[in-house]
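There are 2 protein chains.
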Amino acid sequence: MPTVSAAQGRTTSSGAAQKRRAGRPSAAVLDKAGITAAALELVRRKGYEGLTMAALARLLDVAPSALYNHVASKQDVLLLVEDHLMSLVDVSGFGGGTWEDAVRTWAWSYRDVFAEHTPLIPVIAVLPVTDAPQTLAMYETVSKGFSDAGFPQERIVPAIVALESFIFGSAYDVTAPEDIFDSGSMAASTPHFTAAVRSSAEGQDVPAGQERGRPADTAFRLGLEALIAGFGTTRA
Amino acid sequence: MPTVSAAQGRTTSSGAAQKRRAGRPSAAVLDKAGITAAALELVRRKGYEGLTMAALARLLDVAPSALYNHVASKQDVLLLVEDHLMSLVDVSGFGGGTWEDAVRTWAWSYRDVFAEHTPLIPVIAVLPVTDAPQTLAMYETVSKGFSDAGFPQERIVPAIVALESFIFGSAYDVTAPEDIFDSGSMAASTPHFTAAVRSSAEGQDVPAGQERGRPADTAFRLGLEALIAGFGTTRA
DNA sequence: CAACTAAATGAACGTCATTCATTTAGTGAC
DNA sequence: GTCACTAAATGAATGACGTTCATTTAGTTG
Numbered sequence: 357m358p359t360v361s362a363a364q365g366r367t368t369s370s371g372a373a374q375k376r377r378a379g380r381p382s383a384a385v386l387d388k389a390g391i392t393a394a395a396l397e398l399v400r401r402k403g404y405e406g407l408t409m410a411a412l413a414r415l416l417d418v419a420p421s422a423l424y425n426h427v428a429s430k431q432d433v434l435l436l437v438e439d440h441l442m443s444l445v446d447v448s449g450f451g452g453g454t455w456e457d458a459v460r461t462w463a464w465s466y467r468d469v470f471a472e473h474t475p476l477i478p479v480i481a482v483l484p485v486t487d488a489p490q491t492l493a494m495y496e497t498v499s500k501g502f503s504d505a506g507f508p509q510e511r512i513v514p515a516i517v518a519l520e521s522f523i524f525g526s527a528y529d530v531t532a533p534e535d536i537f538d539s540g541s542m543a544a545s546t547p548h549f550t551a552a553v554r555s556s557a558e559g560q561d562v563p564a565g566q567e568r569g570r571p572a573d574t575a576f577r578l579g580l581e582a583l584i585a586g587f588g589t590t591r592a
Numbered sequence: 357m358p359t360v361s362a363a364q365g366r367t368t369s370s371g372a373a374q375k376r377r378a379g380r381p382s383a384a385v386l387d388k389a390g391i392t393a394a395a396l397e398l399v400r401r402k403g404y405e406g407l408t409m410a411a412l413a414r415l416l417d418v419a420p421s422a423l424y425n426h427v428a429s430k431q432d433v434l435l436l437v438e439d440h441l442m443s444l445v446d447v448s449g450f451g452g453g454t455w456e457d458a459v460r461t462w463a464w465s466y467r468d469v470f471a472e473h474t475p476l477i478p479v480i481a482v483l484p485v486t487d488a489p490q491t492l493a494m495y496e497t498v499s500k501g502f503s504d505a506g507f508p509q510e511r512i513v514p515a516i517v518a519l520e521s522f523i524f525g526s527a528y529d530v531t532a533p534e535d536i537f538d539s540g541s542m543a544a545s546t547p548h549f550t551a552a553v554r555s556s557a558e559g560q561d562v563p564a565g566q567e568r569g570r571p572a573d574t575a576f577r578l579g580l581e582a583l584i585a586g587f588g589t590t591r592a
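First to last, the protein sequences are chains A and B.
Counting in the working numbering, the first sequence runs without a single skipped number right up to 592 at its last residue.
Counting in the working numbering, the second sequence runs without a single skipped number right up to 592 at its last residue.
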């Protein structure tokens with residue numbers, strides 16, 4: 357019998373609204389905020405393979421089944437984590453400066469966040485925003501930014517969705533092995549592709565420092581700038 | 357004891373090259389082509405949740421462990437399926453006509469194929485092309501198309517990667533629920549976003565028939581045309 | 001104190017992918 | 001024909017894992 361000590365970085369968000377009819381024990385060991393924090397900690401330490409209900413329970417000093425009093429399923433835990441990550445996406449650019457720069461800041465940070473959490477991409481891409489307050493907050497800010505920039509109302513959502521799709525796909529790229537395009541023994545039968553791969557690997561001249569110089573970064577920059585330019589003509 | 361009868365749509369690709377030193381039994385019940393075909397059949401009938409090693413073995417009238425004589429893991433089976441799907445992507449446009457139209461044909465069919473196989477996206481995005489002949493063949497055709505269209509050699513791969521990223525992300529969109537952007541009770545606190553969502557839902561005037569008229573299609577078209585336009589300026 | 005309830009427990013389940021020692025059955029060499 | 005060799009199939013076992021459920025624990029209200 358483990359003594360209840362733990363108390364992981366729990367945020368104790370037991371704000372106000374909560375009046376049930378009968379007994380409301382205050383010594384709850386678990387809550388959603390605590391589960392979210394523990395899940396994030398677990399992912400940081402062991403990656404997503406390490407994120408199991410058993411490991412989560414162990415970190416919280418609790419039996420695995422206890423989690424199900426606060427969360428309906430493991431999918432539910434993923435949603436908590438995912439929504440939290442959305443608050444890490446930088447939308448500050450939409451407060452001032454040009455629309456182009458705001459989109460750049462937003463898109464790069466969005467990609468960077470999910471490049472480190474690719475297992476969440478299949479989850480988020482299908483997630484109704486209703487269940488995700490932080491996600492909704494991000495959309496509001498971005499929508500306002502697009503609107504202020506003169507985007508026609510009916511194009512705002514499609515444009516954001518297109519950008520997001522590009523961002524999610526690009527997040528996977530970041531995690532791809534460096535030699536992903538090594539054609540190996542088939543090189544002889546794919547001359548154009550092999551030449552293109554070699555040539556793209558050579559042109560690795562990074563502006564300054566060696567930041568954003570990985571192949572995935574080059575492709576992301578190219579696509580992002582194309583999208584920004586392409587959208588630029590459809591607004592105003 | 358099940359009598360060995362089965363013989364599912366196996367392609368018996370035991371071509372030529374294969375000279376080992378000793379006994380080479382010909383009555384092999386299993387081979388990679390057969391496993392691939394069975395896996396595809398299973399996915400078609402039951403989806404990816406239904407694709408288990410046990411189900412695969414049952415369909416092939418074999419014990420589950422027998423599969424491991426031909427395949428190293430379930431991941432390996434997914435790779436076989438994925439590479440097969442690549443042959444369904446339409447690259448015929450690169451044979452003639454404009455570069456723009458070729459890219460359109462390719463991108464739409466690419467997205468459509470993987471919209472029905474989203475569980476493969478995390479697999480393919482990280483898959484070295486070495487192990488995937490069909491994938492490599494597609495890259496060769498597309499690379500040549502870009503090269504012929506006047507693309508600078510070192511930009512070909514990044515451009516293809518950017519397009520693919522957009523395509524993969526967009527494939528997820530297709531499977532998203534229709535009400536994914538329903539802000540629900542939070543609508544009041546997200547006025548710009550809510551208005552944009554409503555407005556995009558109204559502008560659902562589809563050119564002819566009701567083809568390609570889903571929200572996911574609108575976003576995909578918008579992004580794809582922006583990418584094509586954006587890339588158009590960097591070549592030539 | 002008694003009624004009520006949220007929450008934690010621990011023992012089950014069922015499903016999976018995967019491993020391994022063993023058996024089966026073709027094939028080429030002598 | 002038979003012997004050695006080997007690819008391939010078997011069936012039992014293993015170890016995660018997510019999830020369920022009857023039961024217990026402990027705090028709050030009236």
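Note that the Cβ used here is the ideal one computed from N, Cα and C, for glycine as well.
Just to make sure I have the definition right: I need the residues of chain A whose C-beta is within less than 8 angstroms of the C-beta of residue i. Which are they?
i	result
M542/B	T486, P489 and L492
E558/B	E510
A463/B	The contacting residues do not exist; A463/B stays about 12 angstroms from chain A at best.
Interface residues of chain B around residue i at Cβ under 8 angstroms?
i	result
V482/A	Y528, T531, A532, P533 and I536
P478/A	T474, P475, I477, P478 and Y528
E520/A	G525
G574/A	The residue asked about is misnamed: residue 574/A is Thr in this sequence, not Gly. Those are P514, listed as they occur along chain B.
A419/A	The contacting residues do not exist; A419/A stays about 28 angstroms from chain B at best.
Which residues in chain A have a C-beta closer than 7 angstroms to the C-beta of residue i? List them in chain order.
i	result
S555/B	Q509 and E510
H548/B	E496, S499, K500 and S503
L583/B	G579, A582, L583 and G586
S539/B	V485, T486 and L492
A471/B	Simply none; closest approach about 11 angstroms.
A422/B	The premise fails here: A422/B is roughly 27 angstroms from chain A at the closest Cβ pair, so nothing lies under 7 angstroms.
How about residue i and residue j: do their beta carbons lie closer than 8 angstroms?
i	j	result
A572/A	A532/A	yes
V513/B	D529/A	no
A458/A	R591/A	no
L595/B	I391/B	It is not possible to answer for residue 595/B, since the shown part of chain B is limited to 357 through 592.
G586/B	E581/A	yes
P475/B	I536/A	no
T408/A	V447/A	no
L492/A	S539/B	yes
R568/B	A527/B	no
G579/A	F507/B	no
D439/B	P489/B	yes
A543/A	T550/A	yes
L583/A	L583/B	yes
L416/B	G406/B	no
K388/A	H426/A	yes
A515/A	F502/A	yes
L312/B	A411/B	Because chain B spans 357 through 592 in this model, residue 312/B falls outside it and cannot be assessed.
M494/B	V418/B	no
Taking residue i as part of the alpha helix (DSSP H), name the residues at either end of that continuous run.
i	result
P475/B	Segment: none, P475/B is in no alpha helix (DSSP H) and carries neither H nor E.
E553/B	For clarity, residue 553/B is Val in the given sequence; the question names Glu instead. Its alpha helix (DSSP H) spans residues P547 to E558.
D535/A	No alpha helix (DSSP H) contains D535/A, which DSSP labels as neither H nor E.
L492/A	P489 to D504
E581/A	P571 to T590
At 7 angstroms on the CB atoms, spell out the chain B contacts of residue i, in chain order.
i	result
G506/A	Those within 7 angstroms of G506/A in chain B number zero; the least Cβ separation is about 13 angstroms.
A428/A	None at all; the shortest Cβ gap to chain B is about 18 angstroms.
Mind pulling the chain B residues with CB within less than 9 angstroms of residue i?
i	result
L578/A	R511, P514, A515, V517, A518, G586, F587 and T590
E567/A	Result: empty, since nearest Cβ-Cβ is about 17 angstroms, beyond 9 angstroms.
Just the chain A side, please: which residues come within less than 9 angstroms of residue i by C-beta, in chain order?
i	result
E456/B	In chain order: nothing, as chain A lies at least about 13 angstroms away.
A395/B	Correct list: empty, because the minimum Cβ distance to chain A is about 20 angstroms.
What ranges does the alpha helix (DSSP H) occupy inside the region 372–460 of chain B, keeping only unbroken runs of at least 4 residues that lie completely in it?
388–402, 409–415 and 430–442
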